[in-house]
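Chemist: Line order of the protein sequences matches chains A and B.
Reading the first sequence from the start, the letters are residues 1 to 203 in our numbering.
Reading the second sequence from the start, the letters are residues 1 to 52 in our numbering.
Using N, Cα and C, we set each Cβ at its ideal position, and we do this for glycine too.
Quick caveat, the model's predicted, so the values are computed rather than measured.
Before anything else, here's the structure in question.
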Amino acid sequence: MTGRLGFWLAHLFVLSYCGVLLAGFVVQFGADELPCPLCILQRQAMILVMCGPLYIIGRTRRGDVTLADYTMGYGMSIVAAVVGAAVAARQILLHIAPPDPGYGSAVLGLHLYTWSFITFCVVLVFCGVSLIFGRELVPRGVRFGWPSKVVCGLFLLIVAANLVAVFFELGFHWFLPPDPTRYETFHGLPLPGAAAMSGGAAG
Amino acid sequence: MAILIFAVLLLAGWLTVRGSGRGTILAVWAVALCAVLVVFNHHMAAKLSLNF
């Protein structure tokens, strides 16, 4: 029973973070706010965090997951979450002193980088608890079925979408500017609607 | 650089989902993590410097 619980908790973990990244897309394209370099780094850290539970899910293709696999998966998540939290904390500290309005608009009273910091802290707690009960939660008697395929497919789709979105924003430049104001790929192109695509507000 | 990191992350995700070897996944994941740290260090230096 607890073996199955550990397996589905890994799915819930990935699905939750996929939801967070999709919410980032909603703010980016819905509110027309371009992510800054630190925002992009936090998205990358979130994807690195998700590789942990995905590793545990992927191991079930080869049969039962060992305790070593389980601890490695959540170990990867902890390391990536610490990096992500450091990036988010850096961005919070950059904008913490009034009258700085912060970067972008607030969601439920907090800026996105503050929410990001909170999610990384939640990940650290979740991974800690999962490792404490590691022996009980190691997936046993489960198989890589269609729910796992859906979760893995969604993850890959979101990473690919981020790759395309960051190409739109970065163009053929090496680094993003600190406060991006337009999609570089579309800037200067004589395409219908290119001016609207390239002129997003920094927020 | 961000495009390259996302490409490496996509590769890491693909290998992880396929259930590839432990060492391969860990190596690609570590490369992506180090790249994130390098870019973070670049942006730390580009903005306000910190005093510890």
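Locate the alpha helix (DSSP H) running through M72(A), then write down its first and last residues.
Modeler: Residues L67 to L94.
Chemist: Counting beta carbon pairs with one atom in the segment 42–53 of chain A and one in the segment 64–80 of chain A, are three or more of them shorter than 8 angstroms?
Modeler: Verdict: yes, contact present.
Chemist: Just the Cα atoms here: how many angstroms apart are L5(A) and V14(A)?
Modeler: Computed Cα separation, rounded: 14 angstroms.
Chemist: With a CB to CB cut of under 8 angstroms and the five nearest residues on each side skipped, what residues in its chain are close to A201(A)?
Modeler: Summary for A201(A): the model assigns pLDDT 40, below 50, so the residue's position carries little reliability, and this model does not support an answer.
Chemist: 9 angstroms is my cut-off, CB to CB: does A7(B) come that close to chain A?
Modeler: Interface residue, yes.
Chemist: Figure out for me which residue from P178(A), F175(A) and G145(A) has the closest Cα to the Cα of T60(A).
Modeler: Minimum Cα distance to T60(A) is reached at G145(A).
Chemist: Any beta-carbon of chain B closer than 9 angstroms to the one on Y204(A)?
Modeler: In the structure displayed, chain A extends from 1 to 203; residue 204(A) sits before or after that span and is not available.
Chemist: Along the chain, which unbroken stretches of the alpha helix (DSSP H) at least 4 residues long are found entirely within the segment 92–160 of chain A?
Modeler: Listed in chain order, the complete alpha helix (DSSP H) runs (minimum 4 residues) inside the segment 92–160 of chain A are 112–132 and 134–137.
Chemist: In terms of residues, what are the limits of the alpha helix (DSSP H) holding Y55(A)?
Modeler: Start and end: P37 to R59.
Chemist: In the DSSP assignment, the alpha helix (DSSP H) including T16(B) goes from what residue to what residue?
Modeler: That run of the alpha helix (DSSP H) goes A2 to R18.
Chemist: Using the Cα positions of F6(B) and Q44(A), report the straight-line distance between them to the nearest angstrom.
Modeler: Near 7 angstroms, if we compare the C-alpha coordinates of Q44(A) and F6(B).
Chemist: A89(A) to H95(A), Cα distance in whole Å?
Modeler: Answer to the nearest angstrom: the Cα atoms are 10 angstroms apart.
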